[in-house]
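Going by UniProt numbering, 79 is the number at position 79 of the sequence shown; the sequence numbering is gapless.
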Amino acid sequence: MKISMIASATIIGAMITINAYGGSSLDEINNAQKEKSDLIKKLEEASKDGYLEKLKQEKEKIEKEKDQILKPQKEVEKLKEQAQQAKTAAEIAKEQRKAAEEAKKQAETKAFEKDGKTKTILNKTIEEQVELYGALQELNYKNFKGSKKDLREAIDILKGDGDYAYDKFEKLAKDKEGINNDQKIDILEKLHKIGLVVEAKFNELKLEKEKDKKKELTEELNGIIGNNNGEGLIKLIGHVRDEADNIKKELEKIITARDKIQEETNKITKQEKLIEELKPKLNKAQQELEQAKKEAEKALQDLEPKLEQAEKELKQAQELAKLAKDPEARKKALAELDEKLEKAKKDRAEAISSDKNLELNKDEAQTTSSLLSVVNNKEVENLLLNVKAKDIATLAKNINSTLEEVSKEFKDNKTVDTLLSSVGSAINSRLAKLSNPLNDDLALAYAIKNLSDNKFADNADTLSSVVKEYTNRFNYDSNLWGNIMGGKAKLKSQANTNTYGFMLGYDKAFDNMIIGGYAGYTNAKSSSNTLTTKSDNYHFGAYTRMYIDQNEIDAKVSYGKGKNKLDRKVTTNPDFDANGKYNTKFFDASIDYGHIFDTNNNSFMKPMIGLEYSHVSTKGFKETGKVPVSFKGTTVKTLSAKAAVEFRKYIANGNFLYITPGIQKELRKSMKDTELAFVNSTENIKYASKKDKHTFFTLKTGAEMKLTDNLSTNINFGVKAKSESKYYNGTVGLSYKF
Numbered sequence: 001m002k003i004s005m006i007a008s009a010t011i012i013g014a015m016i017t018i019n020a021y022g023g024s025s026l027d028e029i030n031n032a033q034k035e036k037s038d039l040i041k042k043l044e045e046a047s048k049d050g051y052l053e054k055l056k057q058e059k060e061k062i063e064k065e066k067d068q069i070l071k072p073q074k075e076v077e078k079l080k081e082q083a084q085q086a087k088t089a090a091e092i093a094k095e096q097r098k099a100a101e102e103a104k105k106q107a108e109t110k111a112f113e114k115d116g117k118t119k120t121i122l123n124k125t126i127e128e129q130v131e132l133y134g135a136l137q138e139l140n141y142k143n144f145k146g147s148k149k150d151l152r153e154a155i156d157i158l159k160g161d162g163d164y165a166y167d168k169f170e171k172l173a174k175d176k177e178g179i180n181n182d183q184k185i186d187i188l189e190k191l192h193k194i195g196l197v198v199e200a201k202f203n204e205l206k207l208e209k210e211k212d213k214k215k216e217l218t219e220e221l222n223g224i225i226g227n228n229n230g231e232g233l234i235k236l237i238g239h240v241r242d243e244a245d246n247i248k249k250e251l252e253k254i255i256t257a258r259d260k261i262q263e264e265t266n267k268i269t270k271q272e273k274l275i276e277e278l279k280p281k282l283n284k285a286q287q288e289l290e291q292a293k294k295e296a297e298k299a300l301q302d303l304e305p306k307l308e309q310a311e312k313e314l315k316q317a318q319e320l321a322k323l324a325k326d327p328e329a330r331k332k333a334l335a336e337l338d339e340k341l342e343k344a345k346k347d348r349a350e351a352i353s354s355d356k357n358l359e360l361n362k363d364e365a366q367t368t369s370s371l372l373s374v375v376n377n378k379e380v381e382n383l384l385l386n387v388k389a390k391d392i393a394t395l396a397k398n399i400n401s402t403l404e405e406v407s408k409e410f411k412d413n414k415t416v417d418t419l420l421s422s423v424g425s426a427i428n429s430r431l432a433k434l435s436n437p438l439n440d441d442l443a444l445a446y447a448i449k450n451l452s453d454n455k456f457a458d459n460a461d462t463l464s465s466v467v468k469e470y471t472n473r474f475n476y477d478s479n480l481w482g483n484i485m486g487g488k489a490k491l492k493s494q495a496n497t498n499t500y501g502f503m504l505g506y507d508k509a510f511d512n513m514i515i516g517g518y519a520g521y522t523n524a525k526s527s528s529n530t531l532t533t534k535s536d537n538y539h540f541g542a543y544t545r546m547y548i549d550q551n552e553i554d555a556k557v558s559y560g561k562g563k564n565k566l567d568r569k570v571t572t573n574p575d576f577d578a579n580g581k582y583n584t585k586f587f588d589a590s591i592d593y594g595h596i597f598d599t600n601n602n603s604f605m606k607p608m609i610g611l612e613y614s615h616v617s618t619k620g621f622k623e624t625g626k627v628p629v630s631f632k633g634t635t636v637k638t639l640s641a642k643a644a645v646e647f648r649k650y651i652a653n654g655n656f657l658y659i660t661p662g663i664q665k666e667l668r669k670s671m672k673d674t675e676l677a678f679v680n681s682t683e684n685i686k687y688a689s690k691k692d693k694h695t696f697f698t699l700k701t702g703a704e705m706k707l708t709d710n711l712s713t714n715i716n717f718g719v720k721a722k723s724e725s726k727y728y729n730g731t732v733g734l735s736y737k738f
């Protein structure tokens, strides 16, 4: 079979494309070319008939020679293994026998010496029955014998059931003619098998039977059975029958242990015999091995390389034969050569990422690795094949700088912080307005002014009720308000973020409470040479203040969603610019407690403490561009404690001003590392999150001036700052009361 030279030349040409900047050395490229050329020649050879069969025969011939050389050694190893197995089996059997002997000893001690039923019931009864003492004996470890079958038959007698019931024994005892002597002898024989009948006595009885001394035999047997008012065996069975099963269990343990001892002894004998039989065979085999050892070692040294080479050639030949006959397999082999090209690219990418001379820090190195690991991308392919390592490093540093800037945008949440500061200033102004202690006085003044031209009857109660009712008309407790707001966030090493927007709200004052809500829109923009971000933020919330004597408790909650756009610019190569869209959600809740001190002349001071929790999440997204990046979502959770002192000054005509200096300390901050990767890259990028907890100085101040009886304007300003971060906000608004 012929191989397409055109396909081969195509791959070789692609491999030559790797120039001096490709990262792989010229030697590696030449080696790859030679490997391809050799493959083509071998495929031609493998397509010939008999190619594989010849190599198989050569390999089998060498293997037979090796087996013949190793035969004495294998024989010795086999005999050694058999001997070792026999030795191990014997040792195990000895351990088992030892355990069985211990079990037997414990069972005998229990049954014959301690509190076992054999001793306390059976042996004691035999000892007490004088008429049995010459025929039956106490069981002990010397005279107890028999198998489990023998024990079972003897215990059946002692149970006194069935054929051995009391009435049947009584019938036997009354047999004066000796008609049932055989049955009596059978009973004694069963008891004799376990050692319960004295050996000499049993032999004497058998002898009398053989000599046909029927009369003497009958008298003796009847005496043993119990012909004298239920004595003998009849009495013994009466005492023992209830514990017969327990006696059986005790004695069975002894028999089991004896059987185990005999079984293991047989095993030991068998294995020791096998070891003795193997010794001369092993000695002979070792002698033969020693004689052939030197020659075998040399022969093996000569054969091993030949065998390895034969195996290698056969394996290669099998693969080549498969390639030669299978177009798909041939295609796969050529694809493997393409993989070598990809490996050369990967090696170069790793070399650039880890090259200390390029002075890449950790983040720049991982960005370089992720960038150069992108597959199926023309721009990245061009980098690997045509661009110097130094220029790639410069580009990667530039890209990393833009990605770090995006990561900081996610972590710092400048837009949300500035937005929430503006919302806080607007709400604080509303709460200060509605907490004016002069509101009731103003309502009364407006009522008197409007009643001055009217005349009333001289009735104090009537006049009082009219004034009270009329005053309620001017006690405005519902308000519509709106604010235009703006803000700026200034963070070190980051572009400033500018925000502007508006808020619309409604609130209502009750006797001991203020309740209000708002909705708003905020536009934000941040721009640097490398990154521009824009966002449209829609948010709403609610607020309340409760009065308890001189105490004020405030609660605020806000929720919003931001639609964001970003444009990343890589100044060294515009082909790597990218842009993206992503969404942000935020939630903020706070509670504050303060105590009012009336200083003088409608001035108040309120020391206050509080807690604030914020939750900002950014959804993952993919950029668009020639070499885009995929960002995973991030979440930042912060719990802060606040302490401040609010100073409020109210003026009789409804105007007021306030200022609130304070501090805000982050108690707990939770955020994951920012994870991202170039699209179609096998390597990820991770920027570690700094979870440092910061302390901020805060300042909120503002004032309100009345324009008409129902319309007022207000202006507010706020600052939240630490050494490297500053957030400014300002609002201007109108409120209408009714």
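We treat Cβ as the ideally placed atom computed from N, Cα and C, and that holds for glycine.
Sub-8 Å separation of residue i and residue j beta-carbons
{"i": "Lys260", "j": "Ala83", "result": "no"}
{"i": "Ser640", "j": "Leu667", "result": "yes"}
{"i": "Thr584", "j": "Thr618", "result": "yes"}
{"i": "Gly620", "j": "Met608", "result": "no"}
{"i": "Lys737", "j": "Asn710", "result": "yes"}
{"i": "Met485", "j": "Gly501", "result": "yes"}
{"i": "Ala93", "j": "Gln271", "result": "yes"}
{"i": "Lys159", "j": "Ala103", "result": "no"}
{"i": "Gly718", "j": "Ser425", "result": "yes"}
{"i": "Glu683", "j": "Ser369", "result": "yes"}
{"i": "Ala389", "j": "Leu358", "result": "yes"}
{"i": "Met503", "j": "Asn483", "result": "yes"}
{"i": "Ser558", "j": "Asp588", "result": "yes"}
{"i": "Asp477", "j": "Ala509", "result": "yes"}
{"i": "Arg545", "j": "Ser435", "result": "yes"}
{"i": "Lys569", "j": "Thr530", "result": "yes"}
Sequence-distant residues of the same chain with beta carbon closer than 7 Å to residue i, five excluded per side
{"i": "Phe604", "result": "Ile596, Phe597, Asp598, Arg648"}
{"i": "Thr367", "result": "Ala396, Ile399, Asn400, Leu403, Ile685"}
{"i": "Glu724", "result": "Leu491, Lys492"}
{"i": "Phe631", "result": "Gly620, Phe621, Leu676"}
Exposure label - residue i; buried when at least 16 CB within 10 Å
{"i": "Asp27", "result": "Because the pLDDT of Asp27 is 46, which lies under 50, any placement of that residue in the model is unreliable, and the question is left without a value."}
{"i": "Ala396", "result": "buried"}
{"i": "Leu191", "result": "buried"}
{"i": "Leu707", "result": "exposed"}
{"i": "Tyr727", "result": "buried"}
{"i": "Val375", "result": "exposed"}
{"i": "Lys148", "result": "exposed"}
{"i": "Ile194", "result": "buried"}
{"i": "Ile255", "result": "buried"}
{"i": "Thr634", "result": "buried"}
{"i": "Thr88", "result": "exposed"}
Paired residues, beta bridge with residue i - DSSP
{"i": "Ser712", "result": "Lys706, Ser735"}
{"i": "Pro280", "result": "According to DSSP, which records beta bridges pairwise, Pro280 is partnered with nothing at all."}
{"i": "Ser478", "result": "Lys508"}
{"i": "Ile553", "result": "Met546, Tyr593"}
{"i": "Phe647", "result": "Met605, Ile659"}
{"i": "Lys619", "result": "Bridge partners of Lys619: none, in fact."}
{"i": "Thr624", "result": "Asn579"}
{"i": "Lys488", "result": "Asn498, Tyr728"}
{"i": "Asn564", "result": "Ser535, Tyr582"}
{"i": "Ser526", "result": "Thr497, Thr533"}
{"i": "residue 744", "result": "This structure gives no information on residue 744, because the portion of the chain shown stretches from 1 to 738."}
Residues near residue i by beta carbon distance below 8 Å, same chain, minus five either side
{"i": "Leu205", "result": "Ile185, Leu188, Leu217, Glu220, Leu221"}
{"i": "Asp575", "result": "Glu379, Lys626, Val627"}
{"i": "Lys722", "result": "His694, Thr695, Phe696, Phe697"}
Other residues of its chain near residue i: CB distance less than 6 Å, five sequence neighbours each side excluded
{"i": "Asn498", "result": "Lys488, Lys525"}
{"i": "Ala586", "result": "In the sequence under discussion, the amino acid at residue 586 is Phe, which differs from the Ala named in the question. These residues qualify, in order along the chain: Val416, Gly560, Val616."}
Item to complete: Please specify which runs of the alpha helix (DSSP H), each continuous and at least 4 residues long, are wholly inside the segment 199–245, giving them in chain order.
Response: Runs found: 199–210, 214–225, 233–240.
- prompt: Which runs of the alpha helix (DSSP H) fall wholly inside the segment 103–184 and span at least 4 residues, in chain order?
  reply: List check, alpha helix (DSSP H) in window: 124–128, 148–159, 166–173.
- request: Output the residue ranges of the alpha helix (DSSP H) runs that lie fully inside the segment 321–379 and measure 4 residues or longer, sorted by chain position.
  value: Counting only runs of 4 or more, we get 327–354, 362–372.
Where in the segment 377–445 do unbroken runs of the alpha helix (DSSP H), each at least 4 residues long, occur, reported from the N-terminal end onward?
Those alpha helix (DSSP H) runs which fall completely within the segment 377–445 and span 4+ residues are 378–386, 389–412, 414–434.
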